[in-house]
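Residues 1 to 238 (this note's numbering) are what the sequence shown spells out, left to right.
From the three backbone atoms N, C-alpha and C, an ideal C-beta is built for every residue, glycine too.
Report on one structure; see the data block that follows.
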Amino acid sequence: MSEDFSRANQSVAMTRAALEQDLIRSHFEDSHPEVPLLTNDEFRSSIATLLSDRPPGSEHIDGIHLFAYGSLVWNPCIEVAERHTVRLEGYHRDFCLSMEQGRGSPEAPGLMLSLVPGGVSEGVALRVAERDLESELLLVWRREMLTGAYEPRWVTLTSAERSFPGIAFVANAEHDRYIEGLEDHDIVHRLSTGKGVLGSCQEYLDNTVAHLRDLGIEDDYLESIQYAVHALRGDTGR
Numbered sequence: 001m002s003e004d005f006s007r008a009n010q011s012v013a014m015t016r017a018a019l020e021q022d023l024i025r026s027h028f029e030d031s032h033p034e035v036p037l038l039t040n041d042e043f044r045s046s047i048a049t050l051l052s053d054r055p056p057g058s059e060h061i062d063g064i065h066l067f068a069y070g071s072l073v074w075n076p077c078i079e080v081a082e083r084h085t086v087r088l089e090g091y092h093r094d095f096c097l098s099m100e101q102g103r104g105s106p107e108a109p110g111l112m113l114s115l116v117p118g119g120v121s122e123g124v125a126l127r128v129a130e131r132d133l134e135s136e137l138l139l140v141w142r143r144e145m146l147t148g149a150y151e152p153r154w155v156t157l158t159s160a161e162r163s164f165p166g167i168a169f170v171a172n173a174e175h176d177r178y179i180e181g182l183e184d185h186d187i188v189h190r191l192s193t194g195k196g197v198l199g200s201c202q203e204y205l206d207n208t209v210a211h212l213r214d215l216g217i218e219d220d221y222l223e224s225i226q227y228a229v230h231a232l233r234g235d236t237g238r
């Protein structure tokens with residue numbers, strides 16, 4: 001086995017250290033040189049543009065809120081000053097991003113959640129303090145924005161007490177990873193078989209459902225997909 005092949009297939013844990021060292025980028029550059037990646041300078045420009053256009057209400061917040069609806073709920077990898085369970089109107093979760101890297105491969109492509117227009121989603125608002133924005137948001141952009149499959153967007157989040165602005169990562173419908181209108185049986189198949197250097201899609205799904213449930217959030221769509229994935233794999237004792 002060549003050194004290059006071994007390195008390309010080595011597991012990469014999604015940790016703060018990996019993001020600080022930009023190891024996800026290094027993995028893509030080594031094993032998927034054909035995939036165009038956004039640069040750290042582009043990340044900083046994107047962050048600066050968003051922060052310069054903060055919506056009304058932001059002046060009362062120490063920092064900004066990120067809307068967590070998938071792995072950011074259970075593995076944010078950043079300094080979080082405060083968390084709130086929140087509701088986002090106008091978007092819902094959808095397994096609409098194809099994964100041939102990360103939690104998938106060309107032989108066993110997986111799927112990743114994103115937000116698409118319509119409906120409602122519940123998740124967690126993660127507040128990043130003002131003093132930490134420069135360092136922490138760069139880590140978030142390295143994680144979420146490396147291939148450009150997501151778009152950061154200001155949205156309105158609503159907790160039990162109030163509404164306030166936050167940033168959500170929504171699907172970039174122009175990206176080649178975006179898949180619209182997959183049938184449930186295709187989603188279930190991909191989630192039951194997709195696996196890559198960051199782990200499996202089933203692990204991602206199970207962690208997301210479990211941690212949302214711990215917060216008192218029940219997502220009927222995710223739970224029905226999870227049930228079907230476990231049934232397909234013959235695991236009815238989850």
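- At a Cβ-Cβ threshold of 8 Å, Pro117 and Gly148 do not count as neighbours.
- Less than 8 Å separates the beta-carbon of Val86 from that of Gly123.
- Boundaries for Arg177: no beta strand (DSSP E) harbours it, and the DSSP string shows neither H nor E there.
- By the Cβ criterion, the region 37 to 51 is in contact with the region 146 to 166, since at least three pairs of Cβ atoms, one from each stretch, lie closer than 8 Å.
- Restricting attention to Tyr150, Leu72, Asp206, the CA atom closest to the CA of Glu136 is found in Leu72.
- A direct Cα-Cα distance of roughly 19 Å separates Ala231 from Leu182.
- DSSP places Thr15 outside both helix and strand once states are collapsed to three, so it counts as coil.
- Residue environment: Pro56 is assigned as exposed (fewer than 16 neighbouring CB atoms within 10 Å of its CB, all protein chains considered).
- When the Cα atoms are used, Val12 and Leu146 turn out to be separated by approximately 15 Å.
- Thr156 is bridged by DSSP to Pro165.
- Secondary structure of Asp132 (DSSP, three-state): helix.
- Apart from the 5 residues on each side of it in sequence, Val140 sits with its Cβ closer than 7 Å to the Cβ of Leu66, Ile78 in its chain, given in chain order.
- With fewer than 16 other Cβ atoms inside 10 Å of its own Cβ, Arg162 counts as exposed.
- In this structure, the beta-carbon distance from Leu138 to Arg44 falls below 8 Å.
- For the options Glu42, Cys96, Arg16, the alpha carbon positioned closest to that of Glu174 is the one of Cys96.
- Beta-bridge partners of Pro106 (DSSP): none assigned.
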